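One structure below.
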Amino acid sequence: KPNSINLSTTPAQPNINGPEHHLHTSSSNESISESSSTCTHKPRKSMLFFQWNIRGLWSNHPELCHLVLQNPPIAISLQEMMTRNIDQALRKQYTWDSVNRHYSQGSGATGLGILSEVPHKFVQVQCTIPVCVARLLNPYNITVVSIYVPPNSQDSHIIDALNSIKNITEPPYIIGGDFNAAHEAWGSIKSSSRGLRLLNWIVDNSMVVLNNGEPTFISSSHGSTSSIDLTIVSKSIANRLYWSIAKDTHGSDHFPISVFTQETNSNTEHRRNWLYKNANWSLFEDNILKILHPNQDYTIDQLNEAIIKSAEISIPKTSGKRFGRAELWWTDEVKRMVKTRRSALRKLKRTMVSDPNYESIRKSFITARSAARKTIAQAKYDSWVSFCSTFNPRTPADVLWSNFNKLCGKRRKGIRGFVIDETFVQDPSTITDTFAKHFQQASAIPANPNTSTIDEEHEGVPPKETNCNLDEDFTIDELLRAIDSARGFSTGKDNVGYPMIRHLPISGKYAMLKCFNRVWADGKFPQQWREGVVVPIQKPGTPQNIIENYRPITLLSCIGKIYERMVNHRLVTFLEANHILHPNQHAFRPGRGTSSYFAELKEILDNAKQSKTHLEFALLDIKKAYDQTWRPHILQQLNRLNVGKHIKSCISEFLQDRRFSVSYGGALSSQRTQDSGVPQGSVLAVTLFLLAMNTVFEAVPKNIQILVYADDIVLISSSKQQSTVRKRLINAVNAVNSWAKGIHFSLSAPKSCLLHVCQRGNHRGARSLPPIVIERETIPEVNAARFLGVWINRRGQFSTHAAKTKLVLSNRLNFIRALSPKASRSSLWKIANAVCMSKLTYGVELFGNEITSLLKPTYNELLRISSGAFRTSPILSLAAEAGELPFDFRLAELFVRKYCRIVEKNNKDYPHFHCAVDRVLNELIGVQIPDVAKLQRIGRRPWNFSRTKVDWSIKKAFKKGQNPKIARALTQNRLDTQYQKHTKFFTDGSKTLREVGVGIIGPNIVVERSLLPQCGIFTAEAAGLLFAARLAPKTCTVIFSDSASCISAVEKGESTHPFVQEFEKVAAEKNLVVCWIP
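Taking full-length UniProt numbering, the leading residue of the sequence shown gets 1, the next gets one more, and so forth.
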């Protein structure tokens, strides 16, 4: 057929076929010619429209997913779905409209699905045949139609329906469906009266049929073929479309049809990521040893270059191409059966009806199609069972959550475009530049004449205590600690990742340390560490095609972030040791968090209930707090603290001249400057932000309580009189607003809220109180407010929180139900703990056992589902069988455990919390909470803390199951050679059902001590080390122990056990050595 024919040239029998199934440009269309001439990149095909008479949606749904999910089309047209419920099709990625007429079973239904992120609107058309119409908005501006014409419908109904569509919608059109109309013009063997009437309508309305003459239907009863599925489009867009038909019916008797549009690739490629799981780390280390020499100094660029060169020959990369999502059930067996079905179909199409073997060939095709359908169904079932079997009691919680989110459809999906200036834009370069402009404007701060001037030479007030010189060179222990704490695989602009740094040989790490110390001594922060790649992250619960609904996360140099960790550890140690950060700042601090925040809030609520006073909470929101942080204010705080020359210069350089580029869809924006704020994604930025927020406590009046979690500020006013409560709160809000304006922060009144709490709950007097206003905007008053995820109502109760928790858990319970027939009980309960219990018990420090009766049914349902029991099964029996406590006891255990963790890390008393714990324990088991041991140290060891010397040489030489005589000789030899002149102590701990004891043997010393029977074997071993350290002299002492876990905890320096922490302190003072023996 010719590529294009003017319909008016052959009026007797017009050829209405559009372009062949290859890309075509016509000189008659100027816009297309211009785009063709200016296109300098290789064109690619993007699926615009997909149509298929599926003959049963759910029976062929796996085939549909396999066809379209790897390259999702904008619109999907389906006919004869044989169902009315299509909203769950294709994993909820499409918005559906369906019409069913004449057929109560749904066989005559047609459905039209539009990709959710594409702007569109459905149009209702009144006609006698099933028709679905949608208008694709900017930038497509196309009307798509899905139509199904039943064989017994009148020919006039088709023309009436098409005319109705034209009368209420705008061109251009893409009309696809099963017309049941035959004509030679689109490939049928003979023409019908319906086909002739449809052809005349197409010619009269300047439309084009994209079909290329290939048959679209094959009869499974007699093997005949015909072209009755048509794709009709407006002539204005025909030359830009590419029509393709599948080679297989995929379980139906109609062939799927795809319509592609020509697009141009942008000038960018997707970043190729490192495949660390296939890395050859031995080759990587050997190459580093060849490049980096121990006695030579290297710059940052030389260090980066050496790591990248070694990585390129030892670590493979991804291809950089974007692939569609693979179906887990698409196995080799499925491929083989589909190939067999396709081969049988080709053989059937080649065989004439008059052939004597025709009937056997037709039956072979029907058998192959049925076998393929059964194989696919079995493969899906096996895949589901295999997926369930991956869960076991040892599966990490992050893996469970990842798989849970995948099953719930919470995947990161590629977005086709964004709405920019009321226009739908798809070009990645335009999108990245718009993101960059938006993020740059968010960090721009206008001049503020009310801001106090900063004296750079201000010496400040000396801190209470300074035990460390912050300007000392970094040590190898600090570097190793920073490397060990680094997690993740993302890389910055230099393309160096944490796994590469972790696998550097020790000589390479020393070279890095020398480089860091040279930068530290110069008081600089290299420019390449201040340049980042910003990845936009969507804010939860917001539309995904709006630029403003994204926050910037900066990918910085991993080498630079290792350096930041070392600086940050020194700064945090200094701030915490000198009590500079306010105790009511609970975010990102050792020993504090949501638990300590809830404990403080519980004390406030319980105290108000006991004294019967009014409470008012003002929950204040700071607009774009991280982006609007004023850098001179941070430097001013550092000047006041006398932190040292090097750290002050380092942070000053860190904050200056920060640049970023935005990455999206493989494109990278032009470089922009970040005028203010701290980069989200930086290690040091969190501590600097807390330092900037620290002055808010000075601005709040003394009669107001304040709780702060990062940038979330809660002001609390309490009094017997309502008017006094409101008056104090107004003054406090005004004071905080003045503080915010003074350092270039801005409070958002619409995002803030006001909650009045009293015993009556619905106090009428609260309505007559004056409103609280921020910059002429009133803070809304609410009936329930959310405090870090826990809802509190006007009575200070948590019924709202219980209701919202049960609503969230309803979907997660359905997830557990779906797993229950295939997963084992132990695995199922592990999954239930990971995805349900964490939500069910969140905030227990605050609500205690107040809402136990409201949450208990959900817990019981979780037990029933995970154990597979009947609804009539007793809950206590199910809990015993599952090895779990009943909900009352489980919540009480967690409540007490949280209390102990909070009290051991804080010197503050929590009387109401303590009374609540005592009450819970007394009601359940008739005891009271004993005294809780305080920790010697919160968080990791200080950077300048002397590490305890640990000797593992005997353990490395000792083999499990070795002859005792050989082991004894090996140990004795070690004692006689290396520790001949040392004072020796031997410790051991033991535990029986009723007693726990510890023993120490030293020079002329034998000590036997008993501990509380509740103590564990680890505590006994740690007590032995501690008691021996106390008895040891200050020089040349070695302590022998067979507890590898205790010695390892001492070596790492991260243990929170009080005995281990005190032993570390004593061992550092006496310079002790700890050695493992069998």
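Heads up, the beta-carbon is just placed ideally off N, CA and C, and yes, glycines get one too.
Note that the structure is a prediction, hence the values are computed from the model and not measured.
Given residue i as reference, the closest of the options once Cα atoms are compared
| i | options | result |
| --- | --- | --- |
| Ile315 | Val338, Asn278, Glu305 and Arg350 | Asn278 |
| Ser98 | Ser193, Leu112 and Ala89 | Leu112 |
| Leu894 | Thr841, Glu422, Arg864 and Pro874 | Thr841 |
| Asp951 | Leu878, Thr1035, Thr231 and Glu1051 | Glu1051 |
| Val425 | Tyr899, Val123, Tyr140 and Pro583 | Tyr140 |
| Ala1022 | Val1060, Glu422 and Asn545 | Val1060 |
| Asn694 | Ile420, Trp739 and Arg658 | Trp739 |
| Ile816 | Trp829, Phe1027 and Gln680 | Trp829 |
| Gln1014 | Pro930, Ala879, Leu230 and Thr261 | Pro930 |
| Gly508 | Thr491, Val133, Leu480 and Gly883 | Leu480 |
| Thr83 | Leu57, Gln70, Thr858 and His569 | Leu57 |
| Val896 | Gly223, Ser595 and Leu136 | Ser595 |
| Leu48 | Phe847, Thr261, Asp675 and Ser360 | Thr261 |
| Ile792 | Ile232, Asp355 and Ile851 | Ile851 |
Distance between residue j and residue i (C-alpha atoms, nearest Å)
| i | j | result |
| --- | --- | --- |
| Ile537 | Val696 | 29 Å |
| Val534 | Asn287 | 32 Å |
| Gln610 | Lys751 | 31 Å |
| Thr340 | Pro72 | 26 Å |
| Ala891 | Val519 | With the sequence shown as reference, residue 891 is identified as Leu, and Ala is not the correct amino acid for it. Between Leu891 and Val519, the C-alpha separation is close to 52 Å. |
| Ala667 | Phe418 | 15 Å |
| Ala344 | Asn357 | 13 Å |
| Lys190 | Glu214 | 14 Å |
| Asn783 | Cys753 | 10 Å |
| Arg55 | Thr423 | 38 Å |
| Asn138 | Pro171 | 13 Å |
| Gly1024 | Gly999 | 6 Å |
| Ala1067 | Thr948 | 6 Å |
| Val790 | Thr1056 | 28 Å |
| Leu605 | Ala880 | 36 Å |
| Asn757 | Gly644 | The amino acid occupying residue 757 in the given sequence is Val; Asn does not appear at that position. Roughly 47 Å separates the two Cα atoms. |
| Ile954 | Ala511 | 31 Å |
| Leu571 | Tyr563 | 13 Å |
| His102 | Pro151 | With a pLDDT of only 42 at His102, under the threshold of 50, the placement of this residue in the model should not be trusted; the figure read from the coordinates follows. Cα to Cα, His102 sits roughly 12 Å from Pro151. |
Beta bridge counterpart(s) of residue i as assigned by DSSP
| i | result |
| --- | --- |
| Ala667 | Tyr664 |
| Glu616 | Ser717 and His756 |
| Gln79 | Asn53 and Thr110 |
| Thr375 | Answer by DSSP bridge pairing: none, since Thr375 is not bridged. |
| Ala134 | Phe122 and Val144 |
| Asp988 | Gly999 |
| Gly532 | Phe660 |
| Gly176 | Ser146 and Thr231 |
| Val419 | Phe424 and Ile546 |
Outcome for residue i when other beta-carbon atoms lying within 10 angstroms are tallied against a minimum of 16
| i | result |
| --- | --- |
| Met207 | buried |
| Leu1012 | exposed |
| Lys369 | Per the sequence shown, the amino acid found at residue 369 is Arg instead of Lys. Arg369 is buried by the Cβ-count criterion. |
| Asn495 | buried |
| Phe870 | exposed |
| Tyr381 | exposed |
| Val385 | exposed |
| His293 | exposed |
| Cys1075 | buried |
| Thr1035 | exposed |
| Gln972 | exposed |
| Ala692 | buried |
| His120 | buried |
| His183 | buried |
| Leu283 | exposed |
_Taking 8 Å as the cut-off, does the region 297–314 touch the region 479–492 (at least 3 CB pairs, one atom from each stretch)?_
Too few Cβ pairs lie closer than 8 Å, so no.
*Check whether the region 1026–1035 touches the region 1064–1071, counting contact only when three or more Cβ pairs, one atom from each stretch, lie closer than 8 Å.*
Segments in contact, yes.
*asked:* Check whether the region 555–566 and the region 668–688 touch, using three or more Cβ-Cβ pairs below 8 Å as the test.
replied: Flag = yes, the region 555–566 and the region 668–688 touch.
*Any chance the region 859–878 sits against the region 614–624, with 3 or more Cβ pairs inside 8 Å?*
A contact between stretches requires three or more CB pairs, one per stretch, nearer than 8 Å, and the region 859–878 fails this requirement with the region 614–624.
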